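S.K.: Here you go, one structure.
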Amino acid sequence: AQKVTQAQTEISVVEKEDVTLDCVYETRDTTYYLFWYKQPPSGELVFLIRRNSFDEQNEISGRYSWNFQKSTSSFNFTITASQVVDSAVYFCALSEPFDFNKFYFGSGTKLNVKP
Amino acid sequence: NAGVTQTPKFRVLKTGQSMTLLCAQDMNHEYMYWYRQDPGMGLRLIHYSVGEGTTAKGEVPDGYNVSRLKKQNFLLGLESAAPSQTSVYFCASSPRTAYYGYTFGSGTRLTVV
Chain A
5 AQKVTQAQTE ISVVEKEDVT LDCVYETRDT TYYLFWYKQP PSGELVFLIR
55 RNSFDEQNEI SGRYSWNFQK STSSFNFTIT ASQVVDSAVY FCALSEPFDF
105 NKFYFGSGTK LNVKP
Chain B
43 NAGVTQTPKF RVLKTGQSMT LLCAQDMNHE YMYWYRQDPG MGLRLIHYSV
93 GEGTTAKGEV PDGYNVSRLK KQNFLLGLES AAPSQTSVYF CASSPRTAYY
143 GYTFGSGTRL TVV
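Quick look at the structure:
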């Protein structure tokens, strides 16, 4: 079974629309970390956010916000007023510290923002 | 700040040929990793290293070997390339634990024909 599921393979929106990228994870650990990475067309993976399993507060950073809900094992990512530069593949990832700190990546969601 | 540097960026191999991908980091990170990225499958861990002189298998290690003779370098070798190894390869490093996240290289696009 996948540890991280990103059910949305590809999403297309028009600029200025809000968009939410879903991430559902599976773990038996009580301590774990969740991450989001962005992979723009240039190919390099860019770190966006890290969330500790003990911190369920939502976080906002400019147009980006993250909704962490342990009850549903979800860590969703919302972009408000999307821009063309947001077009990229976004990966959600889980790290279980017990397991040598390896990451488990979801399959990614490709976001297309059209002008 | 170089961060994580991967060489080469692109390579085409014939089936059966061998090659080595080089990853170098200048951040004094303890942990280093090799991932492969395939369409619809996200990134899958090939091998990793938790320190100089140590290596371990990840999720998809078959057909690959690695070495970490120096702390700053992590080499990924393909002894006999197969078309199934056509992929984009990413190297990453982290200080100690995953809490700090990874720093990724820019990737190597490998095609095996």
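For the record, the sequence lines run as chains A and B.
Read in order, the letters of the first sequence correspond to residues 5 to 119 in our numbering.
Read in order, the letters of the second sequence correspond to residues 43 to 155 in our numbering.
Heads up, the beta-carbon is just placed ideally off N, CA and C, and yes, glycines get one too.
For clarity, every value in this text was computed on a predicted model and none was experimentally measured.
(1) Going by DSSP, which residues form a beta bridge with A:Glu63?
(2) Buried or exposed: where does A:Ser86 fall if 16 or more other Cβ atoms within 10 Å of its Cβ makes it buried?
(3) What would DSSP say about B:Tyr131, mapped onto helix, strand or coil?
(4) Span of the beta strand (DSSP E) holding A:Cys27?
(5) Please tell me whether B:Ala124 and B:Gly105 are closer than 8 Å, where the distance is taken between their beta carbons.
(6) Measure from the C-beta of A:Arg32 to each C-beta in chain B and report whether the shortest distance is under 8 Å.
(7) Buried or exposed: A:Gln43, going by 16 or more other Cβ atoms within 10 Å of its Cβ?
(8) Closest by CA to A:Phe58, which one among A:Gln10, A:Tyr36, A:Leu52 and A:Gly47?
(9) What residues are listed by DSSP as bridge partners for B:Phe116?
(10) List the whole-angstrom C-beta distance separating B:Leu120 from B:Ser60, where the pair is believed to meet the contact cut-off of C-beta under 8 Å.
(11) Could you give the distance in angstroms between the alpha-carbon of B:Phe132 and the alpha-carbon of B:His71?
(12) Does any residue of chain B bring its CB to less than 8 Å from the CB of A:Phe79?
(13) With 9 Å as the limit, tell me which residues of the segment 133 to 152 of chain B have their beta carbon closer than that to any beta carbon of chain D; keep them in chain order.
(14) Run down chain A in chain order and give the residues with a C-beta less than 8 Å from the C-beta of B:Met83.
(15) If you count every other CB in all the chains shown that lies within 10 Å of the CB of B:Ala44, and 16 or more means buried, which is it?
(16) Would you call A:Arg67 buried or exposed, if buried means 16 or more other Cβ atoms sit within 10 Å of its Cβ?
(17) Can you tell me the Cβ-Cβ gap for A:Pro119 and A:Glu19, rounded? I've got them flagged as a contact below 8 Å.
(18) List the residues that DSSP assigns as beta-bridge partners of B:Arg53.
(19) Rounded to a whole number of angstroms, what is the C-alpha to C-alpha distance between B:Gly82 and A:Phe109?
(20) Are at least three pairs of beta-carbons, each pair with one atom in the segment 43 to 53 of chain A and one in the segment 139 to 153 of chain B, less than 8 Å apart?
M.R.: On the basis of the coordinates in this document:
(1) A:Trp70
(2) buried
(3) strand
(4) Run containing A:Cys27: none; DSSP gives neither H nor E here.
(5) yes
(6) no
(7) buried
(8) A:Tyr36
(9) B:Cys65
(10) 6 Å
(11) 16 Å
(12) no
(13) The question asks about chain D, but that chain is absent: this structure's protein chains are A and B.
(14) Ser111
(15) exposed
(16) exposed
(17) 5 Å
(18) B:Leu152
(19) 11 Å
(20) yes
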